[in-house]
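Below: one structure, written as structure tokens.
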Amino acid sequence: MLAAVPAALRNITGIHVERRRPRTLLMEAAKVEDEHTLESMLNPEASLKTKGHRVEIIIETLGVQGRGSASSERVFPVEHTHTGMVRALEEWSEVLQAMTSEHAALSKGAQFMGEFEASYMEAHGAMMQLDEDRE
19 MLAAVPAALR
29 NITGIHVERR
39 RPRTLLMEAA
49 KVEDEHTLES
59 MLNPEASLKT
69 KGHRVEIIIE
79 TLGVQGRGSA
89 SSERVFPVEH
99 THTGMVRALE
109 EWSEVLQAMT
119 SEHAALSKGA
129 QFMGEFEASY
139 MEAHGAMMQL
149 DEDRE
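Numbering (my numbering), first residue to last: 19 to 153.
Pasting the structure below:
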């Protein structure tokens with residue numbers, strides 16, 4: 019997986035891969051009220067959709083001097099390891115791109131943002147910098 023990370027980012031990117039028991043994942047999800055994880059792992063009868071261990075992958079890249087980070091987390095059945103790794107890297111890349119890009123002003127409203135709508139309408143710089151020169 020590290021080979022898929024651009025060389026310039028390898029010293030500021032961490033990759034955590036762990037094999038997990040479904041019960042452990044479900045207990046953690048219930049504790050933090052993570053409905054997405056619960057719904058993706060359980061069928062309507064509250065039993066596991068697929069049996070067996072899961073693989074958890076977390077990829078995180080730190081910004082300049084540790085201010086901000088871009089990360090992605092993915093959990094999938096062991097038999098889907100290759101596809102899961104590819105998807106985790108794709109998601110991380112998309113998050114990193116969004117965090118390090120300039121954002122143009124929105125032409126339409128962002129009503130879904132509620133009280134924060136006005137701040138999302140304006141153009142703004144990148145949320146995260148990867149090198150000192152752009153700080």
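For each residue, glycine too, the CB sits at the ideal point set by N, CA and C.
Can you tell me whether Thr79 is buried or exposed, with buried defined as 16 or more other CB within 10 angstroms of its CB?
So Thr79 counts as buried.
My output table needs one value for Val104: the three-state DSSP class, helix, strand or coil.
Residue state, collapsed to three classes: helix.
Run through DSSP, which three-state label would Ser65 get?
Ser65: coil per DSSP, three-state reduction.
DSSP on Pro95, reduced to helix/strand/coil?
Strand, per DSSP.
How many angstroms separate the CA atom of Met19 from the CA atom of Glu36?
Each residue's alpha carbon lies about 13 angstroms from the other.
Hey, Glu109 and Ser87 are a contact pair by Cβ (cut 8 angstroms); roughly how many whole angstroms apart?
Between Ser87 and Glu109 the Cβ distance is about 14 angstroms, and since that is not below 8 angstroms, they are no contact.
Give the straight-line distance between the Cα atoms of Arg28 and Arg39, rounded to the nearest whole angstrom.
Near 29 angstroms, if we compare the C-alpha coordinates of Arg39 and Arg28.
Counting C-beta neighbours from all protein chains within 10 Å, is the total for Thr118 16 or more, i.e. buried, or is it exposed?
Its Cβ being crowded by 16 or more others within 10 Å, Thr118 is buried.
Between the Cα of Lys69 and those of Leu60, Ile76, Ile77 and Gln147, spot the shortest distance and give me the residue it belongs to.
Ranking Leu60, Ile76, Ile77 and Gln147 by Cα distance to Lys69 puts Leu60 first.
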